[in-house]
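2 protein chains.
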Amino acid sequence: MPTSRQWLLNGHPRGRGIEDGDFVLAEKEVSAPGDGEILLKTLYLGFDPAQKGWMENIADYVAPMAIGDVMRGSGISEVVESRHPGFAAGDLIMGSTGWTEWHVSDGTGLVKIDTALPPTAMLSVLGTTGVTAYCGLFKVARPVAGDTVLVSGAAGATGSVVGQLAKIAGCRVVGIAGGEDKCRWLVDEAGYDAAIDYKAGDVRRQIRDHCPGGVDVIFDNVGGAILNDMLGEIATGARIAICGGISRYETGSLPAGPQNYFNLVFRRGTMAGFIVLDWAAEFPAIRKRLEGFVQDGRLTYREDVQQGFENAPATLKRLFSGQNRGKQLLQL
Amino acid sequence: MPTSRQWLLNGHPRGRGIEDGDFVLAEKEVSAPGDGEILLKTLYLGFDPAQKGWMENIADYVAPMAIGDVMRGSGISEVVESRHPGFAAGDLIMGSTGWTEWHVSDGTGLVKIDTALPPTAMLSVLGTTGVTAYCGLFKVARPVAGDTVLVSGAAGATGSVVGQLAKIAGCRVVGIAGGEDKCRWLVDEAGYDAAIDYKAGDVRRQIRDHCPGGVDVIFDNVGGAILNDMLGEIATGARIAICGGISRYETGSLPAGPQNYFNLVFRRGTMAGFIVLDWAAEFPAIRKRLEGFVQDGRLTYREDVQQGFENAPATLKRLFSGQNRGKQLLQL
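This is the structure we're talking about:
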């Protein structure tokens, strides 16, 4: 049996950013798969800002992570040996593999990859990322045709899908991202109607310029000052879906709350958070729908594929420095 | 025709509390009612925190108030002379009379008072106050039996009705108010299950003690630090109705936003603002329902009746110092 390298959690990054010392590299001899088990070789890992929240354990909506645990994360693996009737050698699966090169599983929670798209799509546009965009937009924010939809973190893996889905739904879509490069991509490639570069300053004024009738729907991935600016420009009856708060993850503590929450009263607005796992039963159907949009040419996606298992911690940190272009992946 | 004293707006209290100089007393000779008009003598004025917002003109959800305008406010008047087919001398009406002793009206927006309760009920439990409690609770927050409902500003005119309606709906109800006196009234008279005195400190811990399973429904009248503490203790699927922000009115500027808004994500919560006027078409039916609850003995209410037209500005200021006990009224 192979020896597997593993990244173990070695620190809780509470009140601060992720540091190299939060992980430690270990080696483990993998045991042979028993009856009903499969041996999996990790091919790709997927990265998500929520992983910092898991490391922090500040909330209890997922099982806590303890020091010494294999770092939790989703990945794509190949079945190398199967003693499980549901899997055969050569099958590709997507699951919460963790940061390990090899592992043995009883198949619980694994999804066999069966898509006409490249398999990495199961970590990006068809993965939690894409499904989060779909559920947050269509189950929480519920835009109607003609709405002006404003997306923060718009060039990110989730945000770019949100904007394109809103376009398919007949909305006008404006995205907020950091830097000219990302903004150009939003308009030229992802089909956004307009992009706001928050690094160019005065986000509130830029929102007003691009959304003169007010913002009907907000899909927020960042929180902090940008959420506050967005709430300042909502239209009557606005719906706000809170998906993430990368500004929270960056600082490692809670940023100031949005003062403009009181606009929810003046504008009769509704702001809701969600956890995409609540719709897990619908994921297969939602994936089919997203796959169809990609095949029709109405939905494009980007993947940022780094290389080498040893680079897993550095790859996670890319999310918090805004370096990634599209869904952050690592090929082993 | 009589000469009428009137309080005119003389300053916009933006970024500060209300000051005496924000009003100026004037006199005006009232013209005789023309065809289709009525002459009204004001008997009572009703006071509401929203009046400071009107004076500030920081939002545009009601028509702006200009310097020199008669101060806007609701009141109860007696018809002294009528040249309108819909009104007779001696009728009592409720309407947006403004801070004036006498005025002439064409009847627009006036509601004839027809209740088995004392007429002042039309400014309190059957007025905008009671209807706001009803709509915010049953149309926005939508509690179900068994929910734990937490109300801030609970001893106020709106808050005390909210808690009692939630009890009628089978909920467990906890109120937050300032001082032992108000807290005792909540439990002994208004039927709250428990009361939290924010002046006794550590509101968050007190909420946790009284709502050990988390808070399912929040009805917020105050905003600021108390809203933040309440959001820190929400249960999964919590619904938060934002009714007011008296802490905003007090300071005259926007207080810090609630950092704990991100709990909306962890707990899949929904926070919504509302303007009760959106349900104006239903007010008569809602008033009948509230009146029935009072007559059944299931809903009690308090009125704090000050005396004398010259005291109108001082009476408004009572709302922001927490002096009022129940709905703040002024008898002329």
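Chains as they are written, first to last, in my numbering: chain A, 1 to 332; chain Z, 1001 to 1332.
The C-beta atom is built at its ideal place from N, Cα and C for all residues, glycine as well.
Write down the C-beta distance between residue i and residue j rounded to the nearest angstrom, noting that I regard them as a contact closer than 8 Å.
i, j, result
"LEU1329/Z", "GLU1310/Z", "Not a contact, Cβ separation roughly 15 Å."
"GLY1269/Z", "ILE1226/Z", "Going by Cβ atoms, the distance from GLY1269/Z to ILE1226/Z rounds to 17 Å, so no, they are not a contact pair."
"SER1074/Z", "GLY1127/Z", "7 Å"
"ALA1157/Z", "THR1129/Z", "4 Å"
"TRP7/A", "ALA312/A", "5 Å"
"GLU1233/Z", "ILE1207/Z", "5 Å"
"ASP1216/Z", "ALA1238/Z", "6 Å"
"LEU299/A", "VAL125/A", "7 Å"
"VAL80/A", "GLY98/A", "With 8 Å as the limit, VAL80/A and GLY98/A do not qualify as a contact, their Cβ atoms being about 17 Å apart."
"VAL24/A", "SER4/A", "Going by Cβ atoms, the distance from VAL24/A to SER4/A rounds to 15 Å, so no, they are not a contact pair."
"LEU9/A", "ILE58/A", "Wrong, their Cβ atoms sit about 14 Å apart, outside the cutoff."
"GLN1051/Z", "LEU1231/Z", "The pair is not a contact, with the Cβ atoms about 27 Å apart (cut-off 8 Å)."
"LEU1117/Z", "VAL1305/Z", "About 15 Å separates the two Cβ atoms, so there is no contact after all."
"GLY159/A", "GLY175/A", "7 Å"
"VAL1265/Z", "ILE242/A", "5 Å"
Helix, strand or coil: which one does DSSP assign to residue i?
i, result
"GLU1291/Z", "helix"
"GLY1179/Z", "coil"
"ASP202/A", "coil"
"ALA1285/Z", "helix"
"VAL1030/Z", "coil"
"GLY136/A", "helix"
"VAL265/A", "helix"
"SER321/A", "coil"
"ALA1116/Z", "coil"
"GLY159/A", "helix"
"THR97/A", "coil"
"ALA314/A", "helix"
"ALA1121/Z", "helix"
"ALA1141/Z", "helix"
"ASP1197/Z", "strand"
"ALA154/A", "coil"
"VAL351/A", "No statement about residue 351/A is possible, as the shown extent of chain A runs from 1 to 332 and does not include it."
"LEU1227/Z", "helix"
"ILE1168/Z", "helix"
"GLY1245/Z", "coil"
"LEU1186/Z", "helix"
"ARG1208/Z", "helix"
"GLY130/A", "helix"
Could you name the residues that DSSP lists as bridge partners for residue i?
i, result
"PHE23/A", "LEU9/A"
"GLU1303/Z", "LYS1327/Z"
"THR1270/Z", "ALA272/A and ARG1239/Z"
"VAL149/A", "VAL173/A and VAL217/A"
"HIS1103/Z", "LEU1040/Z"
"ALA280/A", "DSSP lists no partner for ALA280/A."
"GLY1257/Z", "GLY257/A"
"VAL111/A", "MET94/A"
"ILE234/A", "VAL215/A"
"THR3/A", "GLU29/A"
Note down, one range per segment and in chain order, each alpha helix (DSSP H) of at least 4 residues found wholly within the region 41 to 94 of chain A. Counting only runs of 4+ residues, the alpha helix (DSSP H) found wholly inside the region 41 to 94 of chain A occupies 50 to 56, in chain order.
Flag this pair as touching only if the region 288 to 296 of chain A and the region 112 to 128 of chain A have three or more C-beta atom pairs under 8 Å; answer yes or no. yes
Taking 8 Å as the cut-off, does the region 1255 to 1266 of chain Z touch the region 1145 to 1155 of chain Z (at least 3 CB pairs, one atom from each stretch)? no
For the structure I just gave you, are there three or more beta carbon pairs, one from the region 19 to 35 of chain A and one from the region 88 to 95 of chain A, closer than 8 Å? no
State whether the region 1036 to 1047 of chain Z contacts the region 1100 to 1118 of chain Z, with contact taken as three or more CB pairs (one from each stretch) at a distance under 8 Å. yes
The region 182 to 194 of chain A / the region 158 to 167 of chain A touching (three or more Cβ pairs under 8 Å): Verdict: yes, contact present.
Counting Cβ pairs closer than 8 Å, one from the region 264 to 282 of chain A and one from the region 1258 to 1267 of chain Z, do we hit at least three? yes
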